[in-house]
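Visitor: I am attaching a structure below and will ask some questions about it afterwards.
Numbering (full-length UniProt numbering), first residue to last: 1 to 174.
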């Protein structure tokens, strides 16, 4: 199963006047373009995530350089519009990975994060998350992040079980 949203990309490029990709400025509002790119980056195109993050910082008053960057991302999407998240493997392959850096911030605040993978594809992640309270031990900090990862995994598992009418085997968190 592959999710790519090719039709969405075609419609988006057409909507913004980029179908023929002539090197001219579009009269469209940059927020709408960046919003459409954000939708793609957060659903099935994580490969454009960093570029869209940079573009989203310059929505209000974009320079010629930012317009060129927007065009470049749209050109890339036109070239690689069939790319997407490819899910392969068994249905019950839901794994979580978590890690923390104990008391690495001022005030002994710990940062951590987690990644959840389904069929080997990252479907959820939370990086560089500062814990809202101080933990006394590394193992406590690890447990807090692992607990957050588990909550996300259960939510994802319940949603997928409802959509696919299938159950998952026990989840694994590393």
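Every residue gets a Cβ at the ideal spot worked out from N, C-alpha and C, and that includes glycine.
(1) Looking at the secondary structure, which residues open and close the alpha helix (DSSP H) in which residue 49 lies?
(2) Less than 8 angstroms between the CB atoms is what I'm expecting for residue 79 and residue 40, so what's the real figure, rounded?
(3) Give the C-beta separation of residue 84 and residue 2 to the nearest angstrom, bearing in mind that I take them to be a contact with Cβ-Cβ under 8 angstroms.
(4) Assign residue 68 to one of two classes, buried (16 or more other C-beta atoms within 10 Å of its C-beta) or exposed (fewer than that).
(5) Could you tell me how far apart the beta carbons of residue 173 and residue 81 are, in whole angstroms, since I believe they sit closer than 8 angstroms?
(6) In three-state DSSP terms, what is residue 136?
(7) What residue range is occupied by the uninterrupted beta strand (DSSP E) comprising residue 115?
Guide: So, from the data block:
(1) 49-56
(2) Actually they do not touch by this definition, with Cβ atoms about 14 angstroms apart.
(3) About 5 angstroms; that satisfies the 8 angstroms criterion.
(4) exposed
(5) Contact flag wrong, Cβ pair sits at about 35 angstroms.
(6) coil
(7) Residue 115 -> beta strand (DSSP E) spans 111-118.
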